[in-house]
Amino acid sequence: MKTREKEKEHKYEVVTVLQCKNCGVKMERPTRDGEYVGMITEEKCQKCGTSSMIIRFIYCKTPLEQAVS
11 MKTREKEKEH
21 KYEVVTVLQC
31 KNCGVKMERP
41 TRDGEYVGMI
51 TEEKCQKCGT
61 SSMIIRFIYC
71 KTPLEQAVS
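Each number in the numbering used here comes from the position in the sequence shown (counting from 1) with 10 added on.
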């Protein structure tokens, strides 16, 4: 029975999607403590270099999504 319990255990990755307020490009990274949707971060945009990105989504990747990416 213990082996079945272990099979049911899945490790989920919580991911944050940020969007640049200037050019609109989106970026995904692991979530950090204290973050919330709508929060403005000081991270730099990879496309235009602006240091103002907004958190649009915080979600949990399923094991299937993790295997694909």
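Ideal placement from N, C-alpha and C gives every residue a C-beta, glycine not left out. Here the structure is a predicted model, which is why all the values come from computation and not from measurement.
Contact annotation: residue 41 and residue 26 have beta-carbon atoms nearer than 7 angstroms. Contact check for residue 36 against residue 29 passes: the beta carbons are separated by less than 7 angstroms. Pairing residue 31 with residue 64 gives a Cβ-Cβ distance under 7 angstroms. Each residue's CA atom was taken as its position, placing residue 61 and residue 43 some 20 angstroms apart.
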